[in-house]
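With the sequence shown counted from 1, adding 76 to any position gets you our numbering.
Glycine included, C-beta positions come from ideal geometry on N, C-alpha and C.
What follows is a set of notes on a single structure, which appears directly below.
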Amino acid sequence: MTNFNHLPFEIRAQIWKLTVEPRTVEVRVAHWNIARNWRIFSTTPVPAPLQTCREARNMALYKQAFSDIGFKKRYVWLNYNIDLLSIGKTAFSVFKTVAPLITRLKFERENSNEYWYRWESHETLNFVNAKEIHVVCGDPPEIWWEATDQIAWPCALENVFFIDPRDGVIVNGIELGKIRDESNEAEERRIDEEYEEEARQYEEETRQLFADMSTL
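Below, the structure written as structure tokens:
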């Protein structure tokens with residue numbers, strides 16, 4: 077069996093590239109305050125190839141991301157092309173300088189939150205090159221029904237995914253819009269049926285009233 081180190085560099089390089097797989101990279105902020113005395117940190121392990129040898133690290137399979145963010149210079153290993161950056165409830169403003177580099181973003185928000193709805197939601201457009209957006213819904217999914225129309229997303233709606241953490245159900249923006257429309261149509265039918273029933277009862281009561289009067 078051929079020793080890996082004895083293989084031609086071109087073959088070794090190709091093998092290293094094949095070790096790269098999409099990851100969800102969790103990034104948060106510690107010690108946040110208005111003076112920017114804070115730092116970013118990640119609970120996601122360093123990719124295994126980077127812990128193997130110097131050659132793997134020199135292949136530039138991952139970048140030292142976010143080193144210019146925060147008071148203390150820290151970095152997170154990230155492959156901008158395939159990794160999903162998950163920031164939880166961290167403010168978009170933290171990532172403003174690097175937002176154009178992010179292609180896959182995941183965050184948690186409440187659409188009923190006034191700050192998010194009126195202001196921060198506009199900052200999604202800072203992620204101008206995002207190909208996917210994953211939204212963990214902090215309130216019931218129906219609160220997000222209008223988000224497909226009222227929020228400007230940097231990517232197509234079929235690539236905006238809404239996640240209900242209560243049951244794990246995931247729908248994209250197109251599907252969410254259809255659910256909203258179907259629910260609205262069902263509500264309109266219910267109202268129409270109630271109106272028709274009330275009109276029928278009123279007509280029946282009126283007919284009975286005239287019938288009673290005719291017997292007097």
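Length of the line joining the Cα atoms of residue i and residue j
i	j	result
residue 199	residue 185	13 Å
residue 96	residue 269	57 Å
residue 81	residue 240	47 Å
residue 271	residue 242	36 Å
residue 229	residue 237	11 Å
residue 165	residue 79	47 Å
residue 188	residue 216	10 Å
residue 258	residue 205	32 Å
residue 117	residue 223	30 Å
residue 285	residue 273	18 Å
residue 83	residue 190	59 Å
Top-ranked residue by Cα proximity to residue i, from the options
i	options	result
residue 244	214, 150, 189, 124	214
residue 119	93, 153, 258, 195	153
residue 170	193, 156, 143	143
residue 178	163, 190, 192, 191	163
residue 251	204, 127, 235, 281	235
residue 60	130, 151, 255, 290	In the structure displayed, the chain extends from 77 to 292; residue 60 sits before or after that span and is not available.
residue 106	157, 173, 167	167
residue 203	183, 89, 275, 225	183
residue 98	127, 287, 156, 173	156
Residue environment, residue i, which counts as buried when at least 16 other CB atoms sit within 10 Å
i	result
residue 180	buried
residue 325	The chain is shown only over 77 to 292; residue 325 falls outside these bounds and no answer can be derived.
residue 210	buried
residue 100	exposed
residue 123	buried
residue 94	exposed
residue 59	Any question about residue 59 goes unanswered here, given that the chain covers just 77 to 292.
residue 290	exposed
residue 231	buried
residue 138	buried
Start-to-end residues for the alpha helix (DSSP H) that takes in residue i
i	result
residue 94	85 to 94
residue 192	190 to 194
residue 226	223 to 226
Any non-hydrogen atom of the ligand NAP within 7 Å of residue i CB
i	result
residue 240	Only the bare structure without any ligand can be found here, which leaves the ligand NAP out of the picture.
First and last residue of the uninterrupted beta strand (DSSP E) at residue i
i	result
residue 248	246 to 248
residue 206	No beta strand (DSSP E) holds residue 206; DSSP gives it neither H nor E.
residue 182	180 to 185
residue 165	Premise fails: residue 165 is in no beta strand (DSSP E) and is neither H nor E.
residue 140	139 to 141
residue 102	100 to 106
residue 118	115 to 118
residue 239	236 to 239
Proximity test, Cβ basis, 8 Å: residue i and chain D
i	result
residue 174	Structure shown: chain D not included; a single protein chain is present.
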